[in-house]
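Structure first, then comments.
If you want it as structure tokens, here you go:
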């Protein structure tokens, strides 16, 4: 009964949030819509990293690079080849999946901070390609691109981003509830045991990298028309660290963690604007306090609270049942 | 005579100049419970790791049902029907007891593609609940495995090893750190699964009482070699075994 009630409560909360995400933007100005669109786009990248890092336990500092690859794919194909934006999406997906798969190979040999260094090196490499391969990327001069005609207005483009986030969320929800999701968690929690249970840890590790990276690319395909100008500057290691922060602050390994983390990373600078140059210092302090208090992020706090409540309820039920047991004995 | 399930032929494993396992040969027959005992450092765990693909033997061959499986990856061996438990607890603490068991069986169902698009539980909830019931953990089915007591986690670990209906299960010190009540329960369940489902077991164990009362045959290792082999009583009274355990 309690489980059913909490499921009902979760469903109502979800519908309310979805309704707010559809209705509130109707009242927002151009800048507000840009911020919310940015949240939706970066949340997709964070969902991808959450899959690789949060669920499968594979550290990656390269998610920003995949956003860059997706953004450049969209920008190059729409401006140079005249493709419609939607047609660039499958190309970005295939490209990021293939590169993500290859990037997964080092994860078969090294783990944790060593793996972080490998992915960091890839991130730097990607940035150098974006900046130096002018024949392809126009280097520091960048590529101007327009939003598709149907989504030219800020509101309609926001709905495109929100709709994409919805589709990605549903697909990810399906994936993590499937046996694949369970295998990813097994990789994170105990790869040796997973191997002994017939789980092909090699293939699942590569898959976790490839799918996570693909979502980075999907995010990039939307990022390019969001900013309408693609140059190498946004795709440094800083973006990868930002996305990593979103996953960690929201709660790695929690489905809703990236949504919350991206919201905080995108909105907090706006809320802290009154502090002028101090906002980054405040943000860093808040993150430090959070991680000391709850290394599992914000949703980790909620999870702990719910677990405590369940334990207390179970203890109370046991205590209530004790006299009955004594009577029967 | 029962069919041979596992055949280990002249297996050796060298680490530098040291032979941790030195020319070990033995067979395990269908429905048998073979105990492997020996003092610390006698090569029991290295032998297990050579059989289970964690280590590649320097020399020798391992056969399952007559098929050579030497050096195969643990995941491939598991899908061929060899399952195991570990000396140290190896459950998935953040998953529920039921999820642990579904995980233990899911890779034996269909292909990766069918698992992605099939039902979330890979059609294993009923089988998982039956196994949970068999190991008397039904009241804990929805609890996170990390919240279980040590003994309960040992039972779960064993249940996971049997989930996919393996041909052969290797148990590495199943009694280690388990209290007497839980130990009796574990032994009784292992005997039941052997009798009812015809499971073939190989058990490494230091607890002599546990080995002697559970196993139908015992193999003694010392300094990487087979020192003695036979029924539990005969092995218990073998002067070579007594000397290896007690020293000069």
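Chains as they are written, first to last, in the working numbering: chain A, 10 to 338; chain B, 34 to 281. Cβ coordinates follow ideal geometry from the N, Cα and C atoms, glycine included. Bear in mind that the values here come from a model prediction, so they are computed numbers and not experimental data.
Going by the CB atoms, is the gap between residue 61 of chain A and residue 221 of chain A shorter than 9 Å? Reading the first chain from its first residue, position 212 is the one you call residue 221 of chain A. Reading the first chain from its first residue, position 52 is the one you call residue 61 of chain A. In contact: residue 221 of chain A and residue 61 of chain A (Cβ atoms closer than 9 Å).
Among all the DSSP beta bridges, which residues are the ones paired with residue 40 of chain B? Taking the first residue of the second chain as 1, we reach residue 40 of chain B at position 7. Residue 40 of chain B pairs with B/60 and B/96.
For residue 132 of chain A, which of A/315, A/302, A/20 and A/73 has the nearest alpha-carbon? Along the first chain, one-based indexing puts residue 132 of chain A at 123. Nearest option by C-alpha distance: A/73.
To the nearest angstrom, how far is it from the Cα of residue 167 of chain B to the Cα of residue 233 of chain B? Locating residue 167 of chain B in the second chain gives position 134, counting from the first residue. Locating residue 233 of chain B in the second chain gives position 200, counting from the first residue. Computed Cα separation, rounded: 17 Å.
What residues of chain B sit near residue 198 of chain A, judged by a beta carbon separation below 8 Å? Taking the first residue of the first chain as 1, we reach residue 198 of chain A at position 189. Going along chain B in sequence order, the residues near residue 198 of chain A (Cβ under 8 Å) are 125, 126, 127 and 128.
Taking DSSP as the reference, what is the three-state secondary structure of residue 237 of chain A? Here residue 237 of chain A refers to the residue found at position 228 of the first chain. Note: residue 237 of chain A maps to coil in three-state DSSP.
Chain A partners of residue 132 of chain B, CB-CB under 9 Å? Position 99 of the second chain, counting from 1, holds the residue named residue 132 of chain B. In chain order: 191 and 194.
Taking only beta-carbon atoms, is residue 239 of chain B less than 9 Å away from chain A? Working through the second chain from its first residue, we reach residue 239 of chain B at position 206. By this cut-off, residue 239 of chain B is not an interface position.
Cut-off 7 Å between Cβ atoms - residues of its own chain near residue 50 of chain B, not counting five sequence neighbours on either side: Your numbering for residue 50 of chain B matches position 17 in the second chain. Within the same chain, residue 50 of chain B has no close Cβ partners at all.
Does any C-beta atom of chain A lie closer than 9 Å to the C-beta of residue 141 of chain B? In the second chain, the residue the question calls residue 141 of chain B occupies position 108. Closer than 9 Å: yes.
To the nearest angstrom, how far is the alpha carbon of residue 291 of chain A from that of residue 278 of chain A? For the purposes of this step, residue 291 of chain A is taken as the residue at position 282 of the first chain. For the purposes of this step, residue 278 of chain A is taken as the residue at position 269 of the first chain. Rounded to whole angstroms, residue 291 of chain A to residue 278 of chain A spans 9 Å at the Cα level.
Does the segment 209-223 of chain A come close enough to the segment 26-33 of chain A that 3 or more CB-CB pairs lie under 8 Å? no
Using the beta-carbon count (16 or more within 10 Å), is residue 229 of chain B buried or exposed? Here residue 229 of chain B refers to the residue found at position 196 of the second chain. Classification for residue 229 of chain B: exposed.
Residues from the segment 79-112 of chain B in contact with chain A, defined by Cβ distance under 9 Å: 85, 86, 87, 106, 107, 108, 109, 110, 111 and 112
Residues of chain A with CB closer than 7 Å to the CB of residue 137 of chain B, please, in chain order. As a first step, residue 137 of chain B is located in the second chain; it is residue number 104 there, counting from the start. In chain order: 206.
Using a Cβ-Cβ distance cut-off of 9 Å, determine whether residue 149 of chain B contacts chain A. On the second chain, position 116 is the one that residue 149 of chain B refers to. Yes - at least one Cβ of chain A is within 9 Å of the one on residue 149 of chain B.
Give me the chain C residues within the contact set of residue 117 of chain B, using Cβ-Cβ distance strictly less than 7 Å, ordered along the chain. This model lacks chain C altogether, as its protein chains are A and B.
Comparing the C-beta of residue 337 of chain A with each C-beta of chain B, is any distance below 9 Å? Translated into the one-based positions of the first chain, residue 337 of chain A becomes position 328. In this predicted model, residue 337 of chain A has a pLDDT of only 47, less than 50, meaning its place in the structure is not dependable enough to derive any value.
Nearest CA to the CA of residue 196 of chain B: which residue from B/236, B/277, B/117 and B/56? The residue you call residue 196 of chain B lines up with position 163 of the second chain. Among B/236, B/277, B/117 and B/56, the Cα nearest to that of residue 196 of chain B belongs to B/117.
How is residue 251 of chain A classed by DSSP in three states: helix, strand or coil? As a working mapping, residue 251 of chain A is identified with position 242 in the first chain. The answer is helix: DSSP assigns residue 251 of chain A an H, G or I state.
Counting only beta-carbon separations shorter than 9 Å, does residue 212 of chain A have a partner in chain B? Looking up residue 212 of chain A in the first chain gives position 203. Taking Cβ atoms only, chain B reaches closer than 9 Å to residue 212 of chain A, which makes this a yes.
Closest to residue 207 of chain B by C-alpha separation, out of B/93, B/71, B/189 and B/198, would be which residue? Looking up residue 207 of chain B in the second chain gives position 174. If we check each option's Cα against that of residue 207 of chain B, B/189 comes out closest.
By the three-class DSSP mapping on this structure, what secondary structure does residue 297 of chain A have? Within the first chain, residue 297 of chain A is the residue found at index 288, counting from 1. Residue 297 of chain A falls in the helix class under three-state DSSP.
Is the shortest distance between the beta-carbon of residue 153 of chain B and the beta-carbons of chain A less than 9 Å? Sequence index remark: in the second chain, residue 153 of chain B carries index 120 (1-based). Yes, its Cβ sits closer than 9 Å to a Cβ of chain A.
Compute the Euclidean distance between the alpha carbons of residue 283 of chain B and residue 47 of chain B, then round it to the nearest angstrom. Within the shown structure, residues of chain B are numbered from 34 to 281, placing residue 283 of chain B beyond reach of any answer.
Taking 7 Å as the limit between beta carbons, can you name the residues of its chain near residue 115 of chain A, skipping five residues before and five after? Taking the first residue of the first chain as 1, we reach residue 115 of chain A at position 106. Closer than 7 Å at the Cβ level, and outside the excluded window around residue 115 of chain A, lie 124 and 127.
For residue 201 of chain A and chain B, any beta-carbon pair shorter than 9 Å? Locating residue 201 of chain A in the first chain gives position 192, counting from the first residue. Answer yes: the Cβ-Cβ gap between residue 201 of chain A and chain B drops below 9 Å somewhere.
As a quick exercise: from A/183, A/156, A/189 and A/78, pick the residue whose alpha carbon is nearest that of residue 139 of chain A. If you number the first chain from 1, residue 139 of chain A lands on position 130. The shortest C-alpha separation from residue 139 of chain A is found at A/78.
Exposure label - residue 77 of chain B; buried when at least 16 CB within 10 Å: Your numbering for residue 77 of chain B matches position 44 in the second chain. Buried.
Please report how far the alpha carbon of residue 213 of chain A lies from the alpha carbon of residue 254 of chain B, in whole angstroms. For this step, residue 213 of chain A is matched to residue 204 along the first chain. For this step, residue 254 of chain B is matched to residue 221 along the second chain. Whole-angstrom Cα-Cα distance: 38 Å.
Taking Cβ positions, are residue 237 of chain A and residue 66 of chain A nearer each other than 9 Å? Position 228 of the first chain holds residue 237 of chain A. Position 57 of the first chain holds residue 66 of chain A. Cβ atoms of residue 237 of chain A and residue 66 of chain A: not closer than 9 Å.
What are the residues that DSSP puts in a beta bridge with residue 245 of chain B? Translated into positions along the second chain, residue 245 of chain B becomes position 212. Paired residues: none, contrary to the question.
Compare the C-alpha of residue 154 of chain B against each of B/141, B/132, B/172 and B/145 and name the closest. Residue 154 of chain B sits at position 121 when you count from the first residue of the second chain. Closest option to residue 154 of chain B, Cα to Cα, is B/132.
Counting C-beta neighbours from all protein chains within 10 Å, is the total for residue 188 of chain A 16 or more, i.e. buried, or is it exposed? Translated into the one-based positions of the first chain, residue 188 of chain A becomes position 179. Label assigned to residue 188 of chain A: buried.
Would you verify that the beta carbon of residue 184 of chain A is, or is not, closer than 9 Å to some beta carbon of chain B? The residue given as residue 184 of chain A occupies position 175 in the first chain. Answer yes: the Cβ-Cβ gap between residue 184 of chain A and chain B drops below 9 Å somewhere.
Anything in chain A within Cβ reach of residue 164 of chain B, meaning under 7 Å, just list it in chain order. Locating residue 164 of chain B in the second chain gives position 131, counting from the first residue. Under the 7 Å cutoff, chain A gives no residues; its nearest Cβ is about 13 Å from residue 164 of chain B.
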